[in-house]
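Numbering (our numbering), first residue to last: 11 to 152.
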């Protein structure tokens, strides 16, 4: 396209919206997290997908879990992923995930998600006796 000077990598993620809504693009600014860190909650968006694309050359963490039932995640299948600065993530509608986990320093992300009326964020608080933590770690050279 553009006279052969640009490559387009088309339709890499689906923007899904349910109900009276539209897809929108925002910027989220995430504070750097301190480790070790106790994981106490997850959230999901039942009416639309949500994609994060890092805008700086900084890695981040992704925590996801499938649904156990209609109202809660399956904590036995909780997964932690290290995402490089060259990787984005698209959470499918209803995917349980932890809010943004920026590393090293404050980081900006391009976010594509549902904008519209109605409730679109469910939160699940972990049981008080749970002890799921991200240990102190170094990401230099990863």
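Glycine included, each C-beta is placed from N, C-alpha and C at the ideal position.
Fair warning: this is a prediction, and the values are worked out from it, not measured in the lab.
In this structure, the CA atom of residue 91 is about 29 Å from the CA atom of residue 17.
Between residue 68 and residue 36, the gap from beta carbon to beta carbon reaches 7 Å or more. Nearest to residue 94 by alpha-carbon distance, out of 139, 70, 107, is 70.
DSSP places residue 71 in the uninterrupted beta strand (DSSP E) bounded by 70-75. Collapsing the DSSP output to three states places residue 12 in a helix.
Under the three-state reduction of DSSP output, residue 120 falls in the strand class. Around the CB of residue 64, 16 or more other CB atoms lie within 10 Å, so the residue is classed as buried. In this structure residue 143 touches residue 49 by the C-beta definition: roughly 7 Å separates them, less than 8 Å. Here residue 140 carries a coil assignment [DSSP, helix/strand/coil]. Counting along the chain, the unbroken beta strand (DSSP E) around residue 133 starts and ends at 132-135.
Boundaries of the beta strand (DSSP E) harbouring residue 64: 60-64, taken from the DSSP string. Residue 111 carries a strand assignment under DSSP once its states are collapsed to helix, strand and coil. DSSP lists 107, 133 as the beta-bridge partner residues of residue 53. For the 7 Å CB-CB criterion, residue 62 and residue 25 do not form a contact.
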